[in-house]
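Right, one structure below, let's go through it.
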């Protein structure tokens, strides 16, 4: 008697499911076999490389062993020198570590000194741009290694322009003391430093006037010069720290200067250099 139609369809569905699962199992088995073969091939390659490396090292090992056990004085001496070289190589690695530690320590100490110097400079008034009066001028110039002094007149517009730029530079270059002094109220120093033009910026190092900026001479674009332009001009004097290279080249072309030495109570001049400020 024939099976009902529903039972026949169910039987075909079961057969299809079995066939599908069988195909999947075959594919998984095939993939597993391929992975195993690939892993085996990779392992064999690694073993071959290791054997090759060992083979390459073997002659050196055998040579050293022969040299070690040789009765020949020259050969034994060669082995001793080779052993000493190996020891020196190991010591060199340790020395490199010691050198790095020393460099690291030196850098830390340098940073500590720079921080201490910055704190000392800030205590002396560095980092701000203020007015210094005649009675405090010597004290201010002698207190700091580098000073930038602006001789100004209250009514001169160009002096106000110079003030604006120097104020910005003072906050960025605490290595120098920036200040201004009223030329009308400091006639003694105006005379001794031969201030003939306003504004005039005088640059000091260790109490010596090493350079002058007369008006805006040497600055580009006249009254429209930038703070960077003035910064570069001051950088030539060495009063502020700038990028190496550019200022060293510019400094070679800078004019020679009369050096005015300020001591307590007097100003003396040395005529060792051509004076570019005299007419």
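Numbering (this note's numbering), first residue to last: 3 to 281.
The beta-carbon is built from N, C-alpha and C at its ideal position, and this holds for glycine as well.
Bear in mind that the values here come from a model prediction, so they are computed numbers and not experimental data.
A check of alpha carbon separations from residue 225 across 174, 167 and 184 identifies 167 as the nearest.
Counting other Cβ atoms within 10 Å of its Cβ, residue 146 reaches 16 or more and is therefore classed as buried.
Assignment of residue 183 by DSSP, reduced to helix, strand and coil, places it in the strand class. Judged by pairs of C-beta atoms under 8 Å, the stretch 169-180 touches the stretch 115-132, as three or more such pairs exist. In this model, residue 103 and residue 244 are separated by some 29 Å (Cα to Cα). Comparing alpha-carbon positions, the option among 185, 205, 207 and 209 lying closest to residue 198 turns out to be 185.
In this chain, the alpha helix (DSSP H) harbouring residue 161 covers 159-174. Using a Cβ distance threshold of 7 Å, residue 201 and residue 161 count as a contacting pair.
Residue 101 is classed as exposed because its beta carbon has fewer than 16 other beta carbons within 10 Å across all chains shown.
Here residue 206 is bridged, per DSSP, to 149 and 211. Residue pairing by DSSP places residue 49 opposite no residue, since no beta bridge is assigned to it. For residue 231, the enclosing alpha helix (DSSP H) begins and ends at 229-239. Under the DSSP definition of a beta bridge, residue 190 lacks any partner.
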